[in-house]
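The structure appears right after this line, and notes come after that.
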Amino acid sequence: MPVNGPPVVKPRPVYLNLVRIRLPLPGIVSILHRISGAALFLFVIPLALFAMQASLESAAEFASMQSMFAHPLCKLVLVGLLWAYLHHFFAGIRYLLIDLHVGDDLTPARQSSVAVLAASFALTLIIAVRLW
Amino acid sequence: MTRPLRETVGAHYGWRDWLVQRVTAVIMALYTLSMLGVMLYNGGIDYALWQALFINGAFRIATLLFGLALLWHAWIGMRDIWMDYIKATAVRLALEVLTVVVLVAYAAWLAQILWSAGQM
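So the sequence lines, in the order shown, correspond to chains A and F.
The first sequence begins at 1147 in the numbering used here and counts up one residue at a time.
The second sequence begins at 9 in the numbering used here and counts up one residue at a time.
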């Protein structure tokens, strides 16, 4: 590495080629964290605000919201969005721990990736079963 | 005299955003767990409890705080996504501006919901 000389200028910004990337387990958790985050921004925020506003208008509106969300198709969408929330939550906690150097070696990082995938999937399944 | 190895530039917003992303995450996680606690403690939420929650001043503040944390968190996350995948500068800028506009509108909507609850 040159100590003296012109500053090293790397080409920025760096763009990622999605097709060429082969993902290990932590990578799968990472891309799902991104996808779930985008889903939360695109769908969950407006849906939550809409439901919050309607449900507070009156007891009747509250009940009609309940029956709307009880529709099987609506439930299916909700379960999908629930998974997005849970995955984003658990994967986020994993990143916070890794920032604190908890489990940032290769083996524990792989193990915690499996734990995140399993926990969010299992919890989604349990709540889905209880909803039906 | 030794020169720096690379050009140091900018407003250090990379580091700041990294930290903000984590602090807002912790705020939202705590709020999520509290709401889960309220739900489990009361065995679900009916209309009376729902209404009572939104009239409570502390709940309103906590929820607004959650909303602002979410706004900032979502901004950083979405901006990262646009930066990684959208190569055309004009398109990226447009999407970033749209993201900010939408998020600020959501925050205003949340404040409106919070402070008009119980007055209808």
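By construction, the Cβ of each residue, glycine as well, lies at the ideal position given by its N, Cα and C atoms.
Closest residue to residue i among the options (Cα-Cα distance)
i: A:Tyr1231; options: F:Ala70, F:Met36, F:Ala119; result: F:Met36
i: A:Leu1171; options: A:Trp1278, A:Val1262, A:Thr1270, A:Ser1266; result: A:Val1262
i: A:Ala1237; options: A:His1179, A:Asp1245, A:Thr1253; result: A:His1179
i: A:Ser1210; options: F:Gln29, F:Asp54, F:Gly45, F:Thr71; result: F:Asp54
i: A:Ala1272; options: A:Val1260, A:Val1225, A:Asp1250; result: For clarity, residue 1272 of chain A is Ile in the given sequence; the question names Ala instead. Ranking A:Val1260, A:Val1225, A:Asp1250 by Cα distance to A:Ile1272 puts A:Val1225 first.
i: A:Leu1222; options: A:Met1198, A:Lys1156, A:Ala1274, A:Pro1192; result: A:Ala1274
DSSP-derived helix/strand/coil call for residue i
i: A:Lys1156; result: coil
i: F:Ile53; result: coil
i: F:Asp92; result: helix
i: F:Tyr114; result: helix
i: F:Gly45; result: helix
i: A:Val1190; result: helix
i: A:Ile1244; result: helix
i: F:Trp123; result: helix
i: A:Met1176; result: Here residue 1176 of chain A is Ser; the residue named in the question, Met, does not match the sequence. Three-state DSSP puts A:Ser1176 in a helix.
Contact under 8 Å by Cβ, residue i with residue j
i: F:Leu73; j: F:Tyr114; result: no
i: A:Phe1187; j: F:Ala82; result: yes
i: F:Phe67; j: F:Leu61; result: yes
i: A:Arg1240; j: A:Ser1258; result: yes
i: F:Ile89; j: F:Asp25; result: no
i: F:Leu111; j: A:Leu1195; result: no
i: F:Met86; j: F:Thr107; result: yes
i: F:Arg100; j: A:Leu1242; result: no
i: A:Phe1208; j: F:Trp58; result: yes
Discussion item. So within the stretch 52 to 87 of chain F, which uninterrupted alpha helix (DSSP H) runs reach at least 4 residues, ignoring any that extend past its ends?
Written reply: Unbroken alpha helix (DSSP H) runs of no fewer than 4 residues, entirely contained in the stretch 52 to 87 of chain F, are found at 55 to 63, following chain order.
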